[in-house]
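Written out below as structure tokens is the structure these notes cover.
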Amino acid sequence: MAFIVLIPALSCLAIATCHASNLESEKALREYQQLHTRVLEAEGSRITLDRFFSISSDLMAVAGKDGLLKKVSRSLVKSLGHSEKTLLSTPFVEFIHPDDREATRKNIETLNMGIRSVGFENRYRTATGDYRTLSWSAAADLELGVRFASARDVTDERNFQLRVQQVLDVAPFLLVVSEAGGVVTNCNAAFAGVVGVERECIVGQPGSHFKMSGLFVTPEQEREVSTSRQAMTFSEVLMVQGRVHHYHSTVFPIQDQTGKIAWIGKVSLSSQP
Numbered sequence: 099m100a101f102i103v104l105i106p107a108l109s110c111l112a113i114a115t116c117h118a119s120n121l122e123s124e125k126a127l128r129e130y131q132q133l134h135t136r137v138l139e140a141e142g143s144r145i146t147l148d149r150f151f152s153i154s155s156d157l158m159a160v161a162g163k164d165g166l167l168k169k170v171s172r173s174l175v176k177s178l179g180h181s182e183k184t185l186l187s188t189p190f191v192e193f194i195h196p197d198d199r200e201a202t203r204k205n206i207e208t209l210n211m212g213i214r215s216v217g218f219e220n221r222y223r224t225a226t227g228d229y230r231t232l233s234w235s236a237a238a239d240l241e242l243g244v245r246f247a248s249a250r251d252v253t254d255e256r257n258f259q260l261r262v263q264q265v266l267d268v269a270p271f272l273l274v275v276s277e278a279g280g281v282v283t284n285c286n287a288a289f290a291g292v293v294g295v296e297r298e299c300i301v302g303q304p305g306s307h308f309k310m311s312g313l314f315v316t317p318e319q320e321r322e323v324s325t326s327r328q329a330m331t332f333s334e335v336l337m338v339q340g341r342v343h344h345y346h347s348t349v350f351p352i353q354d355q356t357g358k359i360a361w362i363g364k365v366s367l368s369s370q371p
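Heads up, the sequence shown is in the working numbering, so the first residue is 99 and it goes up one at a time.
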């Protein structure tokens with residue numbers, strides 16, 4: 099193509115020497131060959147991308163700055179139930195749960211600053227009208243003006259966690275779970291009620307921040323069960339809301355999938371006569 103564009107220019111140089119003409123012809127040929135190589139590489143990349151999107155089990159998408167998806171994987175089409183045409187022709191924000199749209203907008207702003215996003219979750223409407231919770235990892239290509247994203251459908255996982263939490267919240271015992279260092283990762287409603295603080299205000303904070311720190315796992319207890327890798331059971335007397343309470347408590351280690359002790363749990367059952 100570059101050679102064709104250069105034909106008029108080469109005609110104008112007909113009065114020049116044969117040597118000069120040969121140089122221009124060689125330059126045009128090189129430009130054409132370079133262009134042809136880039137076209138083949140781009141075509142090969144497109145074919146590779148198409149095949150990858152068609153066989154990958156991950157939910158993948160490429161989004162443009164105009165708010166439209168430019169490419170979606172077959173797995174994403176299957177998971178949401180919408181046709182590929184619908185997904186590519188509808189602004190993707192329309193599929194997002196209304197309560198998640200503002201958080202999604204802020205996440206996109208972060209991506210546009212060149213910062214990768216890992217584990218961002220939002221809910222997408224399916225063709226049947228229900229919602230699936232997707233956990234996204236994404237990055238923006240600022241030069242191309244697109245965002246590449248891959249997601250996992252964590253709907254069943256989140257529903258299971260909700261069911262477990264509901265069971266824990268109706269249990270008659272106090273439960274608190276902390277990571278190494280004492281930062282609380284979970285507790286049940288009974289524990290939050292005794293502490294006198296909303297559960298959302300307890301999670302993410304170390305037990306030492308609260309007046310009733312005796313209800314939480316102490317550093318000494320954490321060290322003992324982490325070293326022995328065994329649960330320890332004991333009786334304790336605590337002042338709760340101005341009254342003395344007797345508890346039968348157990349502090350226990352919780353391992354991750356590699357066998358490393360990542361959390362410490364404590365269960366306390368009132369032993370009042």
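Think of the CB as a built atom: it goes at the ideal place given N, C-alpha and C, for glycine as much as any other residue.
Given the structure is predicted, the values throughout are model-derived calculations rather than measurements.
Top-ranked residue by Cα proximity to residue i, from the options
i	options	result
serine 369	Gly357, His344, Pro351	His344
arginine 245	Asp267, Ile213, Asp228, Phe258	Ile213
threonine 202	Val175, Arg221, Thr188	Arg221
arginine 250	Lys358, Val342, Ala159, Leu367	Ala159
alanine 225	Val175, Met211, Glu296, Leu273	Val175
alanine 278	Phe314, Leu260, Glu296, His180	Phe314
leucine 367	Gln355, Val342, Ser333, Met337	Ser333
glutamate 219	Asp197, Phe258, Gly227, Asp228	Asp197
threonine 231	Pro189, Gly217, Ser276	Gly217
glycine 227	Glu241, Ala247, Glu192, Glu200	Glu192
isoleucine 194	Ser173, Tyr229, Ser215, Glu241	Tyr229
alanine 247	Thr188, Ser215, Ile300, Val295	Ser215
alanine 238	Leu260, Glu296, Met211, Gln303	Met211
phenylalanine 190	Gln259, Leu260, Val275, Gly165	Gly165
glycine 280	Arg223, Asn257, Val301	Val301
glutamine 303	Ala329, Met330, Val274, His180	Val274
Residues sharing a beta bridge with residue i, DSSP
i	result
aspartate 197	Answer by DSSP bridge pairing: none, since aspartate 197 is not bridged.
glutamine 353	Ile359
leucine 167	Ala161
phenylalanine 218	Trp234
glutamate 277	Trp361
threonine 202	Partner(s): none; threonine 202 has no beta bridge.
serine 311	The partner list for serine 311 (beta bridge, DSSP) is empty, contrary to what the question assumes.
valine 191	Looking at the DSSP assignment, valine 191 forms no beta bridge with any residue, so it has no partner.
arginine 341	Val338
Whole-angstrom distance between residue j and residue i, CA atom to CA atom
i	j	result
glutamine 339	methionine 310	9 Å
leucine 236	alanine 288	This sequence places alanine at residue 236; leucine is not what is there. So the alpha carbons of these two residues sit roughly 38 Å apart.
aspartate 156	histidine 307	41 Å
asparagine 205	valine 335	47 Å
glycine 243	threonine 253	30 Å
leucine 167	cysteine 285	40 Å
lysine 163	glycine 305	44 Å
serine 143	glutamine 263	Confidence is the limiting factor: at serine 143 the pLDDT is only 49, short of 50, which leaves the residue's position unreliable, though a coordinate-based value still follows. When rounded, the distance between both Cα atoms is 47 Å.
leucine 186	alanine 269	47 Å
histidine 134	alanine 161	With a pLDDT of only 47 at histidine 134, under the threshold of 50, the placement of this residue in the model should not be trusted; the figure read from the coordinates follows. In a straight line, the C-alpha of histidine 134 is about 28 Å away from that of alanine 161.
glutamate 298	valine 282	10 Å
serine 184	valine 293	One point to set straight first is that residue 184 is threonine, not serine, in the sequence displayed. Approximately 50 Å, taken between the alpha carbons.
alanine 290	glycine 357	29 Å
serine 171	tryptophan 234	14 Å
glutamine 355	arginine 327	15 Å
methionine 337	glycine 312	9 Å
leucine 178	lysine 169	15 Å
isoleucine 102	glutamate 255	Its pLDDT being 35, under 50, isoleucine 102 is placed unreliably by the model, and the measurement read from it follows with that caveat. Answer to the nearest angstrom: the Cα atoms are 60 Å apart.
threonine 208	histidine 346	48 Å
glutamate 200	leucine 272	35 Å
serine 173	leucine 240	26 Å
aspartate 267	valine 342	23 Å
arginine 261	glutamate 296	19 Å
histidine 180	asparagine 257	23 Å
The alpha helix (DSSP H) enclosing residue i, as first and last residue numbers
i	result
serine 173	172-178
leucine 186	182-187
glutamine 303	Per DSSP, glutamine 303 belongs to no alpha helix (DSSP H) and is neither H nor E.
valine 323	317-326
Interface flag, residue i vs chain B, CB-CB below 8 Å
i	result
threonine 331	You won't find chain B in this structure, because it holds only one protein chain.
Delimiting residues of the beta strand (DSSP E) encompassing residue i
i	result
arginine 230	229-239
leucine 336	330-338
alanine 225	First-last for alanine 225: undefined, no H or E at that position.
threonine 283	282-285
phenylalanine 246	244-251
Handout entry: Meets three-Cβ-pair contact criterion under 8 Å: the region 313-327 and the region 350-365
Key = yes
Problem - Sufficient close CB pairs (3 or more, under 8 Å) joining the region 322-329 to the region 346-361 - result: yes
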